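**Student:** One structure coming up, written as C-alpha cells, with questions to follow.
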Amino acid sequence: MAIMIPPERMTTTEEDFDEKSLVAALRPWQSRLAVQQVVRWTTTGLAVGLVLAGLILMISRLTPWATVFYWASGAALVWFVLALGAALWYRPSIDKTARTVDTRLALYDRLGTAWELRQAASPLSLLQRRDALRQLGKHTPTSTISLRLRRSTLLFFLFLIAALALLILLPNPMTALVQQQAAFQARVAKQVAAIDRTRRDLVQQVTISVAQRAQVDAILRDLEAKLQQAKNTTEAQQAIAQAQAKLDQLRNPSTPSRLQARAAAAASLQSSNNANLRMVGQALSNGDAKSLAKALQGLASQASKLSAAQRSQLAQQVEKAANQASQNPALSSALHQLAKSIADGSQSEVSDAINAVNAATAQDAAIQAQESAINQASQSLQQAANSLAAATDNAQGQGQGQQGQGQGQQGQGQGQNQGQSQQGQNQGQGQGQGQQGAGGTGSGGNNGASNKSGKNEQAYVSGQIGTGSSTLGNNGSNGVVQSGNAVPYSEVIALYSQMAHDAIDNSSISPDMKDLVQSYFDTLEGL
Numbered sequence: 013m014a015i016m017i018p019p020e021r022m023t024t025t026e027e028d029f030d031e032k033s034l035v036a037a038l039r040p041w042q043s044r045l046a047v048q049q050v051v052r053w054t055t056t057g058l059a060v061g062l063v064l065a066g067l068i069l070m071i072s073r074l075t076p077w078a079t080v081f082y083w084a085s086g087a088a089l090v091w092f093v094l095a096l097g098a099a100l101w102y103r104p105s106i107d108k109t110a111r112t113v114d115t116r117l118a119l120y121d122r123l124g125t126a127w128e129l130r131q132a133a134s135p136l137s138l139l140q141r142r143d144a145l146r147q148l149g150k151h152t153p154t155s156t157i158s159l160r161l162r163r164s165t166l167l168f169f170l171f172l173i174a175a176l177a178l179l180i181l182l183p184n185p186m187t188a189l190v191q192q193q194a195a196f197q198a199r200v201a202k203q204v205a206a207i208d209r210t211r212r213d214l215v216q217q218v219t220i221s222v223a224q225r226a227q228v229d230a231i232l233r234d235l236e237a238k239l240q241q242a243k244n245t246t247e248a249q250q251a252i253a254q255a256q257a258k259l260d261q262l263r264n265p266s267t268p269s270r271l272q273a274r275a276a277a278a279a280s281l282q283s284s285n286n287a288n289l290r291m292v293g294q295a296l297s298n299g300d301a302k303s304l305a306k307a308l309q310g311l312a313s314q315a316s317k318l319s320a321a322q323r324s325q326l327a328q329q330v331e332k333a334a335n336q337a338s339q340n341p342a343l344s345s346a347l348h349q350l351a352k353s354i355a356d357g358s359q360s361e362v363s364d365a366i367n368a369v370n371a372a373t374a375q376d377a378a379i380q381a382q383e384s385a386i387n388q389a390s391q392s393l394q395q396a397a398n399s400l401a402a403a404t405d406n407a408q409g410q411g412q413g414q415q416g417q418g419q420g421q422q423g424q425g426q427g428q429n430q431g432q433s434q435q436g437q438n439q440g441q442g443q444g445q446g447q448q449g450a451g452g453t454g455s456g457g458n459n460g461a462s463n464k465s466g467k468n469e470q471a472y473v474s475g476q477i478g479t480g481s482s483t484l485g486n487n488g489s490n491g492v493v494q495s496g497n498a499v500p501y502s503e504v505i506a507l508y509s510q511m512a513h514d515a516i517d518n519s520s521i522s523p524d525m526k527d528l529v530q531s532y533f534d535t536l537e538g539l
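Laid out in C-alpha cells, this is it:
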C-alpha cells in the first residue's frame, strides 16, 4: 500500500535534508578523521625515522662517520615530513568520511546510501537522508574519534628516545678516528691552498711559454684533485711524489750544463782587461739582455777603431770565452762567430755575431725561466710533503709517547763500572732507570747481544747512573756491576723507528725515501 505524504511536509523536509545539509553534517567528521590520520601517520613516520637514526648511530660506532649526527637527524626529519605530507595529501573525502563513520557508528550504510542519493528528490530518498542525519546527530566527532596514542606506542617512543640518548651520550670509539680524519683533511686543505697559490703565480708568469705554463698548470691541478680525494697521509705523499716526477720530466737535462757553461764564459770575459768585454761578461752573468746588447754594441764600435793586432788580441779573449762555453752549443757558436768577425774586422759579420749572441742568451734565459718555474713548483710540493709528514710523525710520536709511558719498562742496575760506561767515569753502585717511549732514551748497563730471535728477542736497555754504593778495590777494577732488565726486541725496534722519524722530520728527504725508511722498520718489526 502506498503511503501518501502531505505536500506541505515534503516541501519543508526537502529544504532541511538536502545535499547541503548532508555535507554540513559530515564536515566536522571529515576534519576529525583528517586530524586523526595526520596524528597516526606522522607518529608512524617519526618512529621509522628514529629507528633509522638509531641504526645510523650504531653504524657510526663500527666505522668512522664524521657527519653521522646530520644524517641521523636528517633521516628522522625526512620521514616525519614525508608522513605529514602523505597524510595531508590523502586526507579523507566526504564519501570516504560517510563510509568510515558508518563503520565506526554501526549505522549500516545509512550515511553512505544518503550520500549516494544526495541529489535524488524522491520521497524515499528524502526519508533515507532524514533518517541518516538523525542517527548521525546522536553522536559527536570528538567523543567518537579519539586522538590519543596507545600506551604501547608511548612505551615504544620512550624506548627509542632512551636508546638514542645512550647512543649519543656514551663515548664513541670511532670519535678519535673521526677527529684524526678531520685534522688530516684540514692539513690537506691547507697544503692544497698553498699549491693553488703557487699554480696561479706560475700561470701568470710571462717568462715561460704558454705550453709550459699549461703543462705545469695541468700537473698541479691534477695533484690538487688527488689530494682532496686522499684518505690518509700515504696516499697524499704518493700523489705528491707522482706530481714531482711529472715536473722532473719537464726539465731539460742539458740545462745545468748550459747554464754552467754560460757562467764560465761570463767569468772568462769578466777577467779581461778590456772594459767592453768585462761589461759583456757582467751582462751574461746577470742575464741582463739590455745590458748585454748595449755592451756588445760598444764592443763592435771599439773593434772598428782598433788595429789588426789589437783586434786579434781582442778576438783571442772572445775565443777563450767561447771555448769555456763548449757545453752551451748556441752560445759557444755565437762567441766563435763574434771572435772571427772581430779578427776579420767586418762590421756586417760583427753585427750578425752580436745578433747570434743575443739570440743564444735569450734562449738560455727562457730555459732558465722554465727551470726556475719547475723548481718553484717542486719546492712548493716538497714543502707540502714535509708538512704532512711532520704532522703525521708528531701525531704518531704523541701516541707512542703515551703508550710508552703506560708500558715503559724501567731497568734498574746496581753498580755502574766506569770502565764499561760510555762516559769513562767510575760511579758507585747506583740505580738507573730507562724508560722506553717516544723520545725516551736509556744509557749505561749491559748492552749485550740478543739470545733469541723474533719479536720476543731479548735486548738490554741500560739505566742512567744513580746514587747507590758499590764495592771497588784500590785500583778501581773490581767493582760489582749488574746488568739491567731484559727488554723485548719489538720495543727496541719501535724506539729506533721513532728516532729515525725524528731525524728526518726537519730534513729535505723525499717522500719516497721516507716511505723506504718506514718500510725498513716495518720489516724489522715483522721478524
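Residues in the sequence shown are numbered consecutively from 13, following our numbering.
Backbone N, C-alpha and C define an ideal beta-carbon position, used for all residues, glycine too.
Given the structure is predicted, the values throughout are model-derived calculations rather than measurements.
1. Is it the case that the region 195-202 contacts the region 349-362, given that we only count it when at least three CB pairs across the two stretches are under 8 Å?
2. Contact defined as beta carbons within less than 8 Å: I believe G66 pairs with A175. What is the distance between those atoms, to the nearest angstrom?
3. Count the other C-beta atoms from every protein chain shown that fall within 10 angstroms of the C-beta of K243, then say buried if there are 16 or more, exposed otherwise.
4. Helix, strand or coil, according to DSSP, for W77 in the structure here?
5. Between A396 and I207, which are expected to be in contact by the criterion C-beta below 8 Å, what is the C-beta distance as a whole number of angstroms?
6. Report yes or no: do the region 144-155 and the region 33-45 share at least 3 C-beta pairs separated by less than 8 Å?
7. How long is the line joining the alpha carbons of T479 and W77, rounded to whole angstroms?
8. Among the residues of its own chain, which have a CB less than 6 Å from the CB of A278, if the five just before and after it don't count?
9. Quick check: what's the CA-CA separation for V369 versus L259?
10. Rounded to whole angstroms, what's the CA-CA distance from E383 to R233? Just pull it up for me.
11. Throw me the rounded Cβ distance for the A110 and L123 pair, which I believe falls under 8 Å.
12. Determine the direct distance from the alpha carbon of D534 to that of S392, and round the result to whole angstroms.
13. What three-state label does DSSP hand G299 in the structure shown?
14. Where does Q432 fall in DSSP's three states?
15. Just to confirm before moving on: does the CB-CB distance between L100 and V50 stay below 8 Å?
16. Report yes if the CB atom of R263 is closer than 8 Å to the CB atom of Q339, and no otherwise.
17. Is the closest heavy atom of the ligand ZN to the C-beta of L182 under 7 Å?
18. Using a beta-carbon distance below 8 Å, is Q339 in contact with chain D?
19. Can you give the Cα-Cα distance for L34 and L96, rounded to whole angstroms?
20. I'd like the list of long-range same chain contacts for L400, defined as Cβ closer than 7 Å, with 5 residues on each side in sequence excluded.
21. Where Q192 and M186 are concerned, what is the direct C-alpha to C-alpha distance, given to the nearest angstrom?
22. How about T54 and F92: do their beta carbons lie closer than 8 Å?
23. Can you tell me the Cα-Cα spacing of T79 and A87, whole angstroms?
24. Using a threshold of 8 Å, state whether the C-beta atoms of L69 and L179 are closer than that.
25. Taking 8 Å as the threshold (C-beta atoms), are I173 and R44 in contact?
26. With DSSP as the reference, label K352 as helix, strand or coil.
27. When you compare only the Cα positions, how much space is there between L326 and A515?
28. In three-state DSSP terms, what is D30?
29. Report the rounded CA-to-CA distance for A334 versus I220, giving the unit in angstroms.
30. Which runs of the alpha helix (DSSP H) spanning at least 4 residues fall entirely within the region 141-202, listed in chain order?
31. Less than 8 Å between the C-beta atoms of Q375 and A337, yes or no?
32. Between the alpha carbons of R130 and R103, how many angstroms are there, rounded?
33. Just to confirm, are L289 and L311 a CB contact at a threshold of 8 Å?
34. Tell me whether N244 sits in a helix, a strand or coil according to DSSP, three-state version.
35. Cutting at 8 Å between CB atoms, please list the residues of its own chain near V4, excluding the five before and the five after it.
**Tutor:** If we stick to the structure as given:
1. The region 349-362 vs the region 195-202: no contact.
2. Sure, about 6 Å apart at Cβ, within 8 Å.
3. Around the beta carbon of K243, a 10 Å sphere encloses fewer than 16 other beta carbons of the protein chains shown; the residue is thus reported as exposed.
4. DSSP places W77 in coil when its eight states are reduced to three.
5. Their Cβ separation, rounded to whole angstroms, is 6 Å, which keeps A396 and I207 in contact under 8 Å.
6. The region 144-155 makes contact with the region 33-45, as at least three CB pairs between them are under 8 Å.
7. Below a pLDDT of 50, predicted positions are generally treated as unreliable, and T479, at 43, falls in that range; the measurement from the model is reported next regardless. Our two residues, T479 and W77, have alpha carbons roughly 54 Å apart in a direct line.
8. G293, L296, S297.
9. Note on geometry: alpha-carbon atoms of V369 and L259 lie some 30 Å from one another.
10. In a straight line, the C-alpha of E383 is about 19 Å away from that of R233.
11. Yes, they are in contact, since the Cβ atoms of A110 and L123 sit about 4 Å apart, within 8 Å.
12. Roughly 29 Å separates the two Cα atoms.
13. Reduced to three states, the DSSP call for G299 is coil.
14. Low per-residue confidence applies at Q432: pLDDT is 41, beneath 50, and the placement is therefore not dependable enough to give any value.
15. Yes. Within cutoff.
16. Taking 8 Å as the Cβ cut-off, R263 and Q339 do not qualify as a contacting pair.
17. Because no ligand of any kind appears in the structure shown, any question about the ligand ZN cannot be addressed here.
18. In the structure shown, chain D cannot be found, because there is only a single protein chain.
19. Taking the straight line from one Cα to the other gives about 29 Å.
20. Close CB contacts of L400 within its chain, under the 7 Å cut and outside five residues either way in sequence, are with R199, Q203, T245, A248, Q249 (chain order).
21. For Q192 and M186, the distance between alpha carbons rounds to 10 Å.
22. Closer than 8 Å, so yes.
23. Note on geometry: alpha-carbon atoms of T79 and A87 lie some 12 Å from one another.
24. Between L69 and L179, the C-beta spacing is below 8 Å.
25. No, the pair does not count as a contact, with Cβ atoms beyond the cut-off.
26. DSSP places K352 in helix when its eight states are reduced to three.
27. Taking the straight line joining both Cα atoms gives about 56 Å.
28. When secondary structure is reduced to three states using DSSP, D30 falls in the coil class, being assigned neither helix nor strand.
29. Looking at the two C-alpha atoms, the distance is approximately 27 Å.
30. Entirely contained in the region 141-202, the alpha helix (DSSP H) runs reaching 4 residues are, in chain order, 153-156, 163-181.
31. With contacts defined as CB atoms closer than 8 Å, Q375 and A337 fail to qualify as a contacting pair.
32. One C-alpha to the other measures close to 22 Å.
33. Yes, these two residues count as a Cβ contact at 8 Å.
34. DSSP places N244 in coil when its eight states are reduced to three.
35. This structure gives no information on residue 4, because the portion of the chain shown stretches from 13 to 539.
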